[in-house]
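Report on the following structure.
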Amino acid sequence: MAQQQPISLSDLDLTQLGEIKKQFEEELNHLTNSFAQLKQAQAKFKACIENVAELKPENQGKTILVPLTNSFVQHVLVDVGTGYFIQKTRPQATKHYQAKVDFIRTNLETLEDTIQKKRDNMSAVVNVIQAKLQEQTRNAAKA
Numbered sequence: 436m437a438q439q440q441p442i443s444l445s446d447l448d449l450t451q452l453g454e455i456k457k458q459f460e461e462e463l464n465h466l467t468n469s470f471a472q473l474k475q476a477q478a479k480f481k482a483c484i485e486n487v488a489e490l491k492p493e494n495q496g497k498t499i500l501v502p503l504t505n506s507f508v509q510h511v512l513v514d515v516g517t518g519y520f521i522q523k524t525r526p527q528a529t530k531h532y533q534a535k536v537d538f539i540r541t542n543l544e545t546l547e548d549t550i551q552k553k554r555d556n557m558s559a560v561v562n563v564i565q566a567k568l569q570e571q572t573r574n575a576a577k578a
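Numbering of the sequence shown is given in the numbering used here, commencing with residue 436 and proceeding in unit increments.
Structure, rendered in structure tokens:
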């Protein structure tokens with residue numbers, strides 16, 4: 436098996452560097468969109484926690500379906516995914532949604548680190564591109 440050897444960015448030509456930069460831009464765009472979607476999901480789960488905490492006396496004894504609204508009774512139906520619902524007490528539902536929020540928070544932190552590394556890599560590529568363009572300009576001026 437052949438091991439991959441690292442290649443210095445300065446050894447690549449402008450076309451190759453441009454392709455790498457384009458790839459980083461696409462990856463960053465995808466990661467940034469994923470980050471935004473995770474933040475939205477986290478906000479929804481946080482809203483569910485707040486909604487579970489509210490109990491309106493006029494709804495005592497009523498069955499209320501998910502998605503969660505601001506009206507609850509002692510037991511709630513929690514959407515656990517793919518169309519499955521589980522009846523839980525309000526504290527259990529809160530714990531369920533808090534676990535979701537915590538899980539997403541962990542993923543957001545990891546994703547944030549990945550995005551920063553990609554940005555750093557792209558910045559390095561851009562710096563090499565700029566240096567090569569300046570070198571070409573100097574060489575053209577000398578000729």
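In this text, a Cβ means the ideal position worked out from N, Cα and C, and glycines have one as well.
Within the same chain, Cβ atoms closer than 7 Å to the Cβ of His-531 are found at Val-513, Lys-523, the five residues on either side in sequence being excluded. In this chain, the beta strand (DSSP E) harbouring Gly-516 covers 510-516. Sorting Glu-462, Gln-475, Gln-439, Ala-478 by C-alpha distance to the C-alpha of Ile-550 places Glu-462 at the top. Excluding residues up to 5 positions away in sequence, Leu-512, Val-513, Val-515 lie with their Cβ nearer than 8 Å to the Cβ of Ile-521 in the same chain.
In the three-state DSSP reduction, Ile-442 falls in the coil class, being neither helix nor strand. Within the same chain, Leu-449 come within 8 Å of Leu-568 by CB-CB distance, once the 5 residues on both sides are set aside. A residue is called buried once 16 or more other Cβ atoms fall within 10 Å of its Cβ, and Thr-541, having fewer, is exposed. Distance between Val-487 and Gln-439, taken at the CA atoms: about 53 Å. Scanning its chain for C-beta atoms nearer than 7 Å, with the 5 sequence neighbours on each side dropped, one finds no residue around Gln-527.
In the DSSP assignment, Glu-489 falls outside any alpha helix (DSSP H) and carries neither an H nor an E. The C-alpha of Leu-543 is placed about 10 Å away from the C-alpha of Gln-472. In summary, Ile-442 is exposed, with fewer than 16 beta-carbon neighbours lying within 10 Å of its beta-carbon over all protein chains present. Partner residues in the beta bridge of Ile-521, as assigned by DSSP, are Val-513.
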